[in-house]
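Each remark here refers to the structure printed beneath this line.
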Amino acid sequence: MTTTSDKIMNRTQDGFVHHANSGLKSGLNTTATITSSTVVANTNFDVIIIGAGFTGLMAARELSLKNRKVLLVEARDRIGGRTFTTEFENEKYEMGGTWIHWSQPHVWAEITRYGLSIVESKGATADRLSLLFDNGSRLKMASTSDLFTEVCEVMNTYSDVDGVQGRTILPLPHDPFAAKEINQTYDKLSMQDRLDQISSTLSKEMYEFMDAYLSMNSQCRLSESGFIDHIRWWALGDYETFRLFDKTSRYKISEGTTALAQAMLNDCHNVQLLLSTPVVSINRTDDNNITVLTQNGQLYAGCTTIITIPLNTLYKTQFIPPLKSEKQRAINERQCRGGSKFAVKLEEPIGKWCGYAPYPNPITMAFTDDEDGSIIIGFGMEDLIDIQDLNAVKFELNKFLPDIKIKYIIGHDWRNDPLTGGTWGWYRPGQVTSNLLTLQENEPPLFFASSDTANGWRGFIDGALESGLTIVRHVEHYLNEQTA
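First residue of the sequence shown? That's 51 in this note's numbering, and the numbers climb one at a time after it.
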């Protein structure tokens, strides 16, 4: 059994903290950095899983419980993929994926299984709002209750392309192709296309607010963001604005996402884990087995492999022989890259607060995350802000809150991370109908799984778990056929 400790904090290569007073930068500690296994030479594994994020951890646990011999290979020095929890000055910070909800079936099953709990991000129910208009030059303060009554009405209009709030497009939110022909029609739309269609009904301020509100979801220009992914979120949010907001932005794991990752790893049996081991190539041998070549020149052999590498960096992996041309095309196209996420600790608390600003403002959305409002979580689009530049972050936040003073900034640059190439998943116009099924297709003994290709909560922890659980069924079927 592979075990981890939930008490030992080690330095990871990911992330940073930048102190305002001293100007010093330092790395982050997390319990997600653990000791690798010692793999015996010439071991032949049933399954080699590439990537120890939540997709890989789910697959490793479930396969190990079926008595499969599993090797879990991870390029980072930690588990968790695009999520990890760090602690600094007695505060927990989530550097990547964060929010969950009891209506997300796969993650809630894990919360129940391991006895974890949730806590609210207080800014999700903010008392007051800061709104930036006119390219960030004009600040307007508003009350949440006044603004969001109108926002709900506009979101209903925006989503109601079919007269029934998008229900004919995604009647079954976890089955993206339940209405395939209708999907193909609306998959051509960008989020900007749809906003332009209703623009004549909006005031200039509401148009700019919706630009900020919607682009926060894709973390990309609306012209490059697929409208059908908005409908997917909308359907998963029960076709209602406040329900959607609660499900995507309000509740997080009290113990931290790393606590869940550790619990899943601790449940694995007969799984060996290699950290800091990037994979260079995957070779299908003449006898239809596989060998995996790592950056340090080591070869590992197995009957099958599960590739959970994020879509935006999967193109870097060499497959010998090459994948089917259509699959390689879909991989090469990638998806929206997303933007930035960071946290700042303030010198003085400000209470429950939230702010929005449309593109091209470097910060699209920010909100307080803790009880008294001394921690702000911020999101930005594209490469419009260097989150490691404390002065730049302070300058942009001061547009929303002129009087705040920052104690430190903490974060990780996912967009420019060579192992992820972006934040959460969001497809460009046309990519759901042209690419999703192709990306999900397996080429045994090669199997593919990722939060980026999940059917339901794609881009969320729940989607990663869904994809991992689904791929186990396919791998088990394949392995059983080989030994029949």
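For glycine and all other residues, C-beta sits at the position ideal for the given N, C-alpha and C. Given the structure is predicted, the values throughout are model-derived calculations rather than measurements.
### Beta-carbon spacing of VAL89, TYR458 below 7 Å
For the purposes of this step, residue 89 is taken as residue 39 along the sequence shown, with counting starting at 1. For the purposes of this step, residue 458 is taken as residue 408 along the sequence shown, with counting starting at 1. With respect to the 7 Å criterion, VAL89 and TYR458 are not classified as neighbours on the basis of their beta carbons.
### Beta-bridge partners of ASN60, as assigned by DSSP
If you number the sequence shown from 1, residue 60 lands on position 10. Beta-bridge pairing links ASN60 to THR80.
### Message
Quick check: what's the CA-CA separation for ASP288 versus GLN348?
### Response
In the sequence shown, counting from the first residue as 1, residue 288 sits at position 238. In the sequence shown, counting from the first residue as 1, residue 348 sits at position 298. Taking the CA atoms as reference points, ASP288 sits about 48 Å from GLN348.
### Task
Return yes when the Cβ of LEU469 is within less than 7 Å of the Cβ of MET108, no when it is not.
Reading the sequence shown from its first residue, position 58 is the one you call residue 108. Reading the sequence shown from its first residue, position 419 is the one you call residue 469. No, they are not a contact pair.
### Message
Taking the beta carbon of HIS527 as the centre, do at least 16 other beta carbons fall within 10 Å, making it buried, or is it exposed?
### Response
Residue 527 sits at position 477 when you count from the first residue of the sequence shown. Using a 10 angstroms sphere on the CB of HIS527, the tally of other CB atoms stays under 16, which defines it as exposed.
### Message
Taking 7 Å as the threshold (C-beta atoms), are CYS386 and SER268 in contact?
### Response
As a working note, residue 268 is residue 218 in the sequence shown. As a working note, residue 386 is residue 336 in the sequence shown. Remark: C-beta atoms of SER268 and CYS386 approach each other more closely than 7 Å.
### Message
With the cut-off set at 7 Å, would you say ASP279 and TYR477 are in Cβ contact?
### Response
Position 229 of the sequence shown holds residue 279. Position 427 of the sequence shown holds residue 477. Closer than 7 Å, so yes.
### Task
Output the distance between the C-alpha atoms of LEU181 and THR162, rounded to the nearest integer angstrom.
Along the sequence shown, one-based indexing puts residue 181 at 131. Along the sequence shown, one-based indexing puts residue 162 at 112. If I take the Cα positions, the gap works out to 38 Å.
### Task
Determine, using beta carbons only, whether ILE150 and ALA82 come nearer to each other than 7 Å.
The count along the sequence shown starts at 1 and reaches residue 150 at position 100. The count along the sequence shown starts at 1 and reaches residue 82 at position 32. For ILE150 and ALA82, no; Cβs fall outside 7 Å.
### Query
Is the beta carbon of ILE437 sitting closer than 7 Å to the one on GLY472?
Here residue 437 corresponds to residue number 387 of the sequence shown, with the count starting at 1. Here residue 472 corresponds to residue number 422 of the sequence shown, with the count starting at 1. Contact annotation: ILE437 and GLY472 have beta-carbon atoms that are not nearer than 7 Å.
### Task
Could you pull the start and end residues of the alpha helix (DSSP H) that ASP243 belongs to?
The sequence position of residue 243 within the sequence shown is 193, counting from 1. Looking at the DSSP string, the run of the alpha helix (DSSP H) that includes ASP243 is 241-248.
### Task
Name, in chain order, the residues that DSSP records as bridge partners for PHE104.
Residue 104 sits at position 54 when you count from the first residue of the sequence shown. None; PHE104 has no bridge partner.
### Query
Start and end of the alpha helix (DSSP H) containing TYR350?
In the sequence shown, residue 350 corresponds to position 300, counting from 1. Where TYR350 is concerned, there is no enclosing alpha helix (DSSP H), although the beta strand (DSSP E) it sits in stretches over 349-357.
### Query
Comparing alpha-carbon positions, which option in LEU489, ILE370, VAL321 lies nearest ILE340?
Residue mapping note: residue 340 aligns to position 290 of the sequence shown, counting from 1. That would be ILE370, whose Cα lies nearest to the Cα of ILE340.
### Task
Confirm, please, whether the CB-CB distance from SER500 to THR358 is below 7 Å.
Start at 1 with the first residue of the sequence shown, and residue 358 comes out as number 308. Start at 1 with the first residue of the sequence shown, and residue 500 comes out as number 450. In contact: THR358 and SER500 (Cβ atoms closer than 7 Å).
### Task
Measure the CB-CB distance between ALA504 and SER517 and report whether it falls below 7 Å.
Along the sequence shown, one-based indexing puts residue 504 at 454. Along the sequence shown, one-based indexing puts residue 517 at 467. SER517 is positioned such that its CB atom lies closer than 7 Å to that of ALA504.
### Message
Give the list of continuous beta strand (DSSP E) stretches no shorter than 3 residues that lie fully inside the region 119-174.
### Response
Fully enclosed beta strand (DSSP E) runs of 3 or longer: 120-123, 135-138, 141-144, 168-170.
### Query
What's the gap between the Cα of ARG111 and the Cα of GLY213?
The residue labelled residue 111 in the question sits at position 61 within the sequence shown. The residue labelled residue 213 in the question sits at position 163 within the sequence shown. Rounded to the nearest angstrom, the two C-alpha atoms are 44 Å apart.
### Residues near SER55 in its chain [Cβ-Cβ closer than 6 Å; skip 5 each side]
If you number the sequence shown from 1, residue 55 lands on position 5. Because the pLDDT of SER55 is 48, which lies under 50, any placement of that residue in the model is unreliable, and the question is left without a value.
### Message
Assuming the contact rule is C-beta atoms closer than 8 Å, GLN322 and SER114 should be a hit. Round their C-beta distance to whole Å, please.
### Response
Along the sequence shown, read from residue 1 onward, the residue named residue 322 stands at position 272. Along the sequence shown, read from residue 1 onward, the residue named residue 114 stands at position 64. Taking 8 Å as the upper bound for CB-CB distance, GLN322 and SER114 are not in contact here, some 10 Å apart.
### Task
For the beta strand (DSSP E) containing GLN269, list its first residue and its last residue.
For the purposes of this step, residue 269 is taken as the residue at position 219 of the sequence shown. For GLN269, no beta strand (DSSP E) encloses it, and the DSSP letter there is neither H nor E.
### Message
Give me the residue from PRO360, ASP419, ASP422, PHE510 with the minimum Cα distance to ILE549.
### Response
As shown, the chain starts at 51 and ends at 534. That puts residue 549 outside it, with no answer to give.
### Task
Please report how far the alpha carbon of ASN233 lies from the alpha carbon of GLN481, in whole angstroms.
On the sequence shown, residue 233 is found 183 positions in, with the first residue counted as 1. On the sequence shown, residue 481 is found 431 positions in, with the first residue counted as 1. The straight-line gap from Cα to Cα measures roughly 11 Å.
### Query
In whole angstroms, what is the alpha-carbon distance linking THR105 and LEU519?
Counted from its first residue, the sequence shown places residue 105 at position 55. Counted from its first residue, the sequence shown places residue 519 at position 469. Note on geometry: alpha-carbon atoms of THR105 and LEU519 lie some 8 Å from one another.
### Task
Within the region 401-474, note down every full alpha helix (DSSP H) run reaching 4 residues or more, in order along the chain.
Runs found: 440-450.
### Task
Return the CA-CA distance between LEU489 and THR308, expressed in angstroms with no decimal places.
For the purposes of this step, residue 489 is taken as the residue at position 439 of the sequence shown. For the purposes of this step, residue 308 is taken as the residue at position 258 of the sequence shown. CA-CA distance, LEU489 to THR308, rounds to 28 Å.
### Task
Ignore the nearest five residues each way along the sequence and tell me which others in TRP464's own chain have a CB closer than 8 Å to its CB.
Start at 1 with the first residue of the sequence shown, and residue 464 comes out as number 414. The beta carbon of TRP464 sits closer than 8 Å to those of ARG132, GLY146, GLY388, SER390, LYS391, THR470, GLY472, THR473, all from its chain and outside the five residues before and after it, given in chain order.
### Task
Determine the burial state of LEU74: buried for a count of at least 16 other Cβ atoms within 10 Å of its Cβ, exposed for fewer.
Along the sequence shown, one-based indexing puts residue 74 at 24. Exposed, by the Cβ-count rule.
#### Entry: Minimum Cβ-Cβ distance from THR354 to chain D less than 7 Å
Looking at the structure shown, chain D is missing, and only one protein chain is on hand.
### Message
By the DSSP assignment, the beta strand (DSSP E) with ARG379 in it spans what residues?
### Response
Against the sequence shown, residue 379 aligns to sequence position 329. For ARG379, no beta strand (DSSP E) encloses it; the enclosing alpha helix (DSSP H) starts and ends at 375-383.
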